[in-house]
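One structure below.
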Amino acid sequence: MARFTFTFAFVLVALATSSQALNIQSSQVKANTERADAVKAAFVKSYNGYKKYCFGRDQLNPLTKTCDDPLGGWGATLVDVQSTAHVMGLNDIYDETVAQSLKTDYSKTSSEEVSIFETTIRHVGGLLSSYELGGRREKKLVEQARVVGDKLMYGWINNNDIPYNTLKFWSGLPTPKTDESAVIAETGTLIIEFDRLSKYTGNNTYRDFAIKAELATINTIPLPFPGLNPQRLNQTTGKPVGDYVTWGGGSDSFFEYLNKYALLIGTQEIYFPAWITSVKSSILHLITSAGGTKKKLTYLADYSAKNGGTLPRGSHLECFVGGNWLLGGKLLDNDDIFNYGLDLAESCIHTYTASATGVGPEGFIYRLANGSSQGIEIKNAEFYAENGFDYSSKPYVLRPEVMESVFYAYRLTGDSKWQDLAWKAFQALEKYCGTDTAFTSLDDVSNSTTAQIDLSESFLYAELFKYSYLIFTDGNVLDLGKYVFNTEAHPFEIDNLDVDFRGLNPGPIKAPAAHVTADAEVPSATKLSDTSNGKKAKTTGYGKLVPAPLFTGVNKKKLAGVTRDQKPFQAAPKARLAST
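Residue 592 is where the sequence shown ends in the numbering used here, and the numbering goes up by one at each step.
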C-alpha cells in the first residue's frame with residue numbers, strides 16, 4: 013500500500029500571514045476565480061435580501077419576504093453568515109454581522125423551546141469560529157458564547173452523562189424536557205464546540221460534560237454491529253432505544269465528529285479508533301452496490317433487524333459520508349476507506365446530475381446488489397433502471413452535504429472533474445432556487461417546472477455557499493491540513509500538527525463479495541499516492557437480506573423548520589413548507 017507522509021509546509025493562507033499545515037491536500041488543487049466570484053455574488057445577493065427584510069432574525073422566507081425565529085430568535089442566519097463572509101473577504105458583511113451578534117441578548121429567547129444541538133452548532137460554534145477568524149481580537153464573542161453555553165448546561169440533570177436536548181423556560185431557569193429520548197447526533201455533536209468554549213474561557217466544565225456525553229454514546233451497548241450505534245438513546249440508562257442504524261439524519265454528526273475531534277485536538281486515543289470501528293462495520297455490513305440498474309453506484313444502507321435487516325434508502329443528510337471517509341482515509345493512509353469515500357461522493361452527486369432540475373432530492377431509494385428492494389417500493393422502474401435510484405422524497409431544502417463531499421473529493425484528489433460537477437450543480441441551484449431576494453427551497457427536483465418553497469434556513473449561508481465557494485478557491489484557503497469544520501461548516505484551527513494517524517491504519521477493508529452486483533466491475537484499488545492526478549478505483553457493494561417495511565420518505569407537507577437532526581425515515585418534525 014502506498015503511503016502518504018505528513019510534512020510541515022509553510023503556506024500563504026487567506027486567513028493568516030503564514031502557518032503550518034498537515035500536508036494532506038492534493039498539490040493539483042487550482043483556483044477558478046470566475047466560478048468562485050459567481051458563488052460569492054450569489055452569497056452577497058442572498059445576504060442582502062436577508063439584511064433588507066430580516067436582519068437580526070433567525071431566517072428569511074424569500075418568497076413572502078417575511079421572517080421566522082425557529083431557533084431562539086438570536087439571528088441564526090446572522091451568525092452563520094460570519095465565517096463564510098470572512099473566508100470570502102467580505103469584510104463589511106463580516107464586521108456588521110459580528111457587531112450585531114455582540115448586541116444580541118442571549119439570556120432571553122422568543123422561542124418556547126430551544127434545541128441544545130441546533131444552538132451549539134450555530135451559535136457556540138459560529139461565535140467562536142468568528143473569534144478565531146477575526147484574529148482572536150473580539151473577546152466579547154467568547155463572552156456571548158459563554159452565556160449560551162451556561163444555559164445549555166442545564167440539559168444535564170440527575171448526574172446523567174447524556175443531556176436532554178430540548179430546553180424550556182430559557183429566559184428564566186432552563187428546564188429540560190425529559191419525556192423524549194436522545195438521538196446520537198444530539199449527544200455526540202457537542203464536543204468540538206464545547207472544547208473550543210473551554211479553550212477560550214479557561215473553564216474546562218464545558219469540555220468535561222461534552223466528553224461525558226460523547227463517551228457515553230461511544231460506549232453504548234448492545235450494538236447491532238461493532239461501532240454502529242443505534243440512532244436513539246435513553247438519557248438515564250445510556251441504553252439504545254430501538255435498533256435503527258443509519259449514517260443519515262439523527263445519527264450523522266456523531267460519526268462525523270469522531271475523526272474530526274481527534275484531528276482537532278491531535279489525539280490517537282478513543283475517538284479515531286471508534287470512527288475506524290464504525291467505518292469497518294459499515295463496509296462489511298452496510299456498503300452496497302445498486303442492483304438491477306445500468307449504473308455502477310455505491311451506497312451506504314440503513315439497518316434495523318426489527319424492520320427486516322438492511323434497508324436500501326439514502327438521504328441528502330447522509331451524503332456527508334463521502335467527504336468524511338475521504339478525510340479519515342487520507343489521514344490513515346487507507347486506500348479502501350478513501351476509495352469508498354470517493355464512490356459514495358460520486359453516487360450522491362449523481363442524484364443531482366440525473367434529476368430534471370440538476371438538483372438532488374431530500375431522500376432516495378434503490379435496490380440491493382441482489383436486486384431486492386427489501387419491500388421498499390420503486391415507483392418509477394424505468395427511471396431506476398437507467399439511473400440507479402428512485403425518489404423517496406422530492407423536495408430540496410438547500411442542504412449542503414453533497415457539495416460538502418464534492419469539496420473534500422476535490423481538495424484531496426485535485427481531480428478537476430469535481431469542480432465541473434460542482435459548477436453544474438451550482439448553476440442548477442441558481443436557476444431553480446434563485447429569487448429576487450435569496451435562494452429558496454424546491455418542491456420537486458424531478459420536475460423541471462417545480463414550484464419553489466418559501467424556506468431558506470441559516471445553513472444555506474454557513475454551509476452551502478461556503479463549500480461551493482471553497483471548491484473553486486486556492487487550496488490555501490481553509491486548508492484541510494490546518495482547519496476542521498464543525499457540522500455547520502464553521503472552521504476551527506487544528507491544535508496539534510505533530511500527530512501522525514497512520515499508525516491507526518486498520519489495513520485492507522473490503523465489502524464481502526456477495527454484496528457486489530453480478531456484473532459489477534471490481535478493478536484494483538487506487539493508491540493514495542495516485543490521487544493527485546484524479547485516478548480512483550471502483551469499490552464493491554452489498555447484498556442479501558430479508559424484507560423490510562415500505563419506506564414512505566419525508567412528508568413534504570409536514571416539513572416546517574427542517575433541522576440537521578431530522579430522521580430520514582420519518583416526516584421532519586419541525587419544518588414548515590410554504591404552500592405551492
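Even glycine gets a Cβ: it sits at the ideal position worked out from N, Cα and C.
Alpha carbon of residue i to alpha carbon of residue j, nearest angstrom
i	j	result
T462	L454	7 Å
F438	R47	10 Å
Y408	E374	6 Å
W182	V160	10 Å
D512	E413	27 Å
N103	A111	12 Å
K262	Q32	The amino acid at residue 262 is misidentified as Lys; the sequence shows Gly. Computed Cα separation, rounded: 35 Å.
L467	K180	25 Å
F451	A440	12 Å
T109	F477	17 Å
N602	S384	The structure shown has nothing for residue 602, since the chain only spans 13 to 592.
K550	K189	Model confidence at K550 stands at a pLDDT of 27, short of 50, so the residue's coordinates are unreliable and nothing is read from them.
G372	A366	8 Å
T213	A421	35 Å
N268	F395	According to the sequence displayed, residue 268 carries Glu and not Asn. Between E268 and F395, the C-alpha separation is close to 32 Å.
D486	Y378	37 Å
S428	G493	20 Å
N488	G101	14 Å
W86	F350	39 Å
Nearest-angstrom beta carbon gap, residue j and residue i [assumed within contact, 8 Å]
i	j	result
E469	Q94	About 16 Å; that fails the 8 Å criterion.
N177	S127	6 Å
K57	Y65	Rounded, the Cβ-Cβ distance is 13 Å, inconsistent with contact.
T369	L75	In fact, because the Cβ distance is near 17 Å, the residues do not count as touching under 8 Å.
T96	Q156	With a Cβ gap of about 19 Å, T96 and Q156 do not count as contacting.
F471	E416	About 11 Å separates the two Cβ atoms, so there is no contact after all.
Same chain, Cβ closer than 6 Å to residue i, five either side skipped, listed in chain order
i	result
N508	G278
G239	T289, S290, S293
G137	E205, N498, E500, H502
F55	F477
Residue i in three-state terms, based on DSSP
i	result
E469	coil
P503	strand
L140	helix
F376	strand
K494	coil
Y315	strand
K307	coil
F22	Unreliable positioning characterises F22 in this predicted model, as indicated by a pLDDT of 26, which lies under 50. The coordinate reading is nonetheless provided below. In the structure shown, F22 sits in coil (DSSP, three-state: anything other than H, G, I, E or B).
P524	coil
Q32	coil
Q464	strand
G334	helix
H322	With the sequence shown as reference, residue 322 is identified as Thr, and His is not the correct amino acid for it. Strand at T322.
V511	coil
E226	helix
F181	coil
F267	helix
L235	coil
I390	coil
V56	helix
P252	strand
Y408	strand
Endpoints, the beta strand (DSSP E) within which residue i is located
i	result
V110	V110 -> not in any beta strand (DSSP E); alpha helix (DSSP H) instead, spanning 103-115.
Q40	Unbroken run through Q40: none, as it is neither H nor E.
N73	71-73
D80	78-80
D173	Note, D173: premise wrong, no beta strand (DSSP E); not H, not E.
D402	402-405
E125	125-127
S301	299-301
First through last residue of the alpha helix (DSSP H) which encompasses residue i
i	result
Q94	88-99
G326	No alpha helix (DSSP H) holds G326; the beta strand (DSSP E) holding it covers 325-327.
E358	347-365
S210	203-213
Own chain partners of residue i with C-beta closer than 7 Å, once the 5 adjacent residues on each side are dropped
i	result
L309	S301, A302, S359, H362, G400
L164	I128, T131, T132
T17	Reliability fails at T17, whose pLDDT of 30 lies under 50, so the model's placement of it is uncertain and the value that follows must be treated cautiously. Nothing meets the Cβ criterion.
N392	D402
D162	none
Y444	T369, V371, L454, T462
Nonlocal neighbours in the same chain, by C-beta distance under 8 Å from residue i, ignoring five residues either side
i	result
C79	Y65, C66, R69, D70, Q71, L72, N73
V253	S193, P242, R244, L245, N246
L276	I204, D207, V496, F504, I506, D507
The ligand GTP heavy atom lying under 6 Å from the CB of residue i
i	result
S327	Absence of the ligand GTP is noted for the structure shown, with no ligands found whatsoever.
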